[in-house]
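271 is the number of the first residue of the sequence shown in our numbering; add one for each residue after it.
Glycine is no exception: its CB is placed at the ideal position from the N, C-alpha and C atoms.
Remember, predicted model here, so these are calculated numbers, not experimental data.
Data block below; observations after.
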Amino acid sequence: MKRVLATAVSIMSHRLLLPTVCVLFLFLYIAVAFFTDEALVTLIQLIGHNPLALVLLALVAMNALLGLIADIRSWRIAGKAAAGLHSAGTESNFYEALAVSGRLDTDETARILSAEGYQVTVREGFVAARRGWSLFLPRMLWRLTICLLFVGVALSLSLRQSQRVPLIEGEALQIPGIPPRTVERITLEDVPGHWFLQRRLAITLAGADGQRDNYGIYPPGLLGPGFLYPRYLAVAPLLRITEPGIGVSEGYQLIMLYPPGREDVVALSGDYRLKLVILTREGMADPFASGRFDLHVRLLKGDQLLFEGDVPFGGRFESSGFAVELLDASRYVVTDFVNDYGVLCIWMACVAALLAVTLYLPLRFLWPHRFMFFSIDSEKMQIVSGCSSEGKSRQNKALYYDLLDKICREESRNR
């Protein structure tokens, strides 16, 4: 049983597990792309409903966690070596580990290392020297990034719940489980000189208690237990439609007419359809920002065009007993209200990754950690030594080998 458990742990902690899983998902994406135009969406749906794929994501998270534990263990062993608490397994934690015959002059070795800028620890029969800062913390943060990212993706794909909700300016927003709110205002403003987003969307929701919350494009805002993701901007024309023999109907039409030039359809009685498109005119203000626009309408029965014409804002078009009046318009935003239990883990992974990179770059290139130790093994009558570095390794190794040569020469002189 112990052997099986050890084998399982060895496989889960193997350094090739992460790239192997990533390559598998890449091949799956390529295969899906041959059969559908929305390969990414299809792949997400497949993974979210496939227990094997979720197990692979969990294995990568476990791999990162086991790697984190192993790094902590190695860091503790290296700390014991630096303090002179040498153990037989310490050599495996160093890039170079050698045992030589010779004589260790602790005072002279400490003097040389101090002159090179190392912080030296001297005990009887033992010298340790370190310089710079260890990459232990960035390495831990990176392991944590991988773990949180894959846990978040697995939770998001398996437990995510989403519903499409239109937010109409001036209308109430009602989502089950959330106190009713009013969409007080929707604005789209230009942001001159901004390097990322040239326009800024702002949605203001007002509660019954007067509290106001603002939501933008990104990051998604928290609304009750879920997140509000704006998807599409739209304008809802208030139309009064007169149909012969049917009567008059009036209301806001939640159709996709924005941006100008995009066409959508309003279904009428029988086989009649009304196709609408916002007219594009030179110098015309953005319909979403201004809330004013003119429409071009076409009435079809089946695929047969009966009539077409323009309806100015606040005006009317009439033909063959049909009439269309454009009374007003409201801005609205098509949003996704999402209960996603993996978002928090994914955001924490992003923060951890940013901290890891921020710490790694200066430590790796400006203050790289370098370490070496020399210890007398009285039982084997040898000098046990180790050397490791996380940057500028050539300088560290050169000094390490020079000191080993000096130790070996000291023995020859004594003979």
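Could you give the distance in angstroms between the alpha-carbon of residue i and the alpha-carbon of residue j?
i: Glu513; j: Gln315; result: 43 Å
i: Val621; j: Leu336; result: 21 Å
i: Ala593; j: Val435; result: 30 Å
i: Asp341; j: Ile347; result: 10 Å
i: Pro321; j: Leu427; result: 11 Å
i: Tyr522; j: Phe563; result: 15 Å
i: Arg664; j: Ser344; result: 22 Å
i: Leu624; j: Phe406; result: 15 Å
i: Ser590; j: Asp606; result: 41 Å
i: Gln444; j: Gln481; result: 16 Å
i: Asp610; j: Leu327; result: 17 Å
i: Leu294; j: Ala323; result: 10 Å
i: Trp403; j: Glu394; result: 26 Å
i: Leu475; j: Thr277; result: 55 Å
i: Ala385; j: Val654; result: 22 Å
i: Arg501; j: Arg273; result: 52 Å
i: Cys657; j: Ala424; result: 41 Å
i: Glu660; j: Tyr485; result: 45 Å
i: Leu419; j: Ile616; result: 5 Å
i: Asp672; j: Leu614; result: 52 Å
i: Ala559; j: Leu296; result: 42 Å
i: Tyr488; j: Tyr499; result: 8 Å
i: Gly494; j: Glu459; result: 27 Å
If I measure Cβ to Cβ from residue i and keep anything under 7 Å in the same chain, skipping five residues before and after, which residues do I get?
i: Leu287; result: Leu329, Val330, Asn333
i: Ser362; result: Because the pLDDT of Ser362 is 49, which lies under 50, any placement of that residue in the model is unreliable, and the question is left without a value.
i: Arg510; result: Val518, Glu520, Glu595, Leu597
i: Asp534; result: Ile525, Met526, Leu527, Leu546
i: Ser283; result: Asn333, Leu336, Gly337, Ala340
Under 6 Å Cβ to Cβ from residue i, same chain only, skipping five residues before and after it: list those, please.
i: Leu414; result: Ala622
i: Val397; result: Thr376, Thr379, Ala380, Phe644
i: Leu633; result: Trp403, Leu405
i: Ala369; result: Gln652, Val654
i: Ala399; result: Leu383, Tyr388, Val390, Met642
Tell me whether residue i sits in a helix, a strand or coil according to DSSP, three-state version.
i: Ile438; result: strand
i: Ser560; result: helix
i: Lys667; result: helix
i: Ser344; result: helix
i: Arg679; result: helix
i: Lys662; result: coil
i: Lys350; result: helix
i: Tyr611; result: coil
i: Ser589; result: strand
i: Ala278; result: helix
i: Asp672; result: helix
i: Leu596; result: strand
i: Leu636; result: coil
i: Tyr602; result: strand
i: Arg273; result: helix
i: Tyr299; result: helix
i: Ala623; result: helix
i: Tyr388; result: coil
i: Gly517; result: strand
i: Ile448; result: coil
What residue range does the beta strand (DSSP E) around residue i cover?
i: Met642; result: 640–647
i: Ala369; result: 366–370
i: Leu569; result: 565–571
i: Leu524; result: Where Leu524 is concerned, there is no enclosing beta strand (DSSP E), given that its DSSP letter is neither H nor E.
i: Ala555; result: Careful: Ala555 lies outside any beta strand (DSSP E) and carries neither H nor E.
i: Leu492; result: 491–493
i: Tyr488; result: Here Tyr488 belongs to no beta strand (DSSP E), and DSSP marks it neither H nor E.
i: Ala537; result: 533–537
i: Gly402; result: Per DSSP, Gly402 belongs to no beta strand (DSSP E) and is neither H nor E.
i: Ala472; result: 469–477
Just to confirm the assignment, what range does the alpha helix (DSSP H) spanning residue i have?
i: Arg409; result: 406–429
i: Ile511; result: Element bounds for Ile511: not the alpha helix (DSSP H) but the beta strand (DSSP E), 496–513.
i: Glu378; result: 376–385
i: Thr550; result: That residue, Thr550, is in no alpha helix (DSSP H); it is neither H nor E in DSSP.
i: Gln315; result: 309–318
i: Thr306; result: First-last for Thr306: undefined, no H or E at that position.
Does the beta carbon of residue i sit closer than 7 Å to a beta carbon anywhere in chain C?
i: Arg469; result: Annotation note: the requested chain C is absent from the structure, which comprises a single protein chain.
I'd like the list of long-range same chain contacts for residue i, defined as Cβ closer than 8 Å, with 5 residues on each side in sequence excluded.
i: Arg532; result: Met526, Val547, Ile548
i: Ile281; result: Leu287
i: Tyr299; result: Ala309, Leu310, Leu313
i: Met554; result: Pro530, Phe563
Item to complete: Examine the Cβ distances between the stretch 539–548 and the stretch 568–578 and report whether three or more of them are shorter than 8 Å.
Response: Touching, yes.
Worksheet item: Contact between the stretch 600–609 and the stretch 490–505: three or more CB pairs below 8 Å?
Response: With the rule of 3 Cβ pairs closer than 8 Å, the stretch 600–609 counts as touching the stretch 490–505.
Discussion item. Can you confirm whether the stretch 627–636 touches the stretch 401–414 when touching is taken to mean that 3 or more C-beta pairs between the two stretches lie within less than 8 Å?
Written reply: Contact holds: three or more Cβ-Cβ distances are below 8 Å.
Discussion item. Is it the case that the stretch 577–586 contacts the stretch 381–389, given that we only count it when at least three CB pairs across the two stretches are under 8 Å?
Written reply: With a cut-off of 8 Å on Cβ pairs, the stretch 381–389 is not in contact with the stretch 577–586, counting fewer than three such pairs.
Worksheet item: Any contact of the stretch 297–310 with the stretch 375–384, i.e. 3+ C-beta pairs under 8 Å?
Response: Result no; under three Cβ-Cβ pairs closer than 8 Å.
Worksheet item: Counting Cβ pairs closer than 8 Å, one from the stretch 448–461 and one from the stretch 643–652, do we hit at least three?
Response: Counting Cβ pairs under 8 Å, fewer than three are found: no touch.
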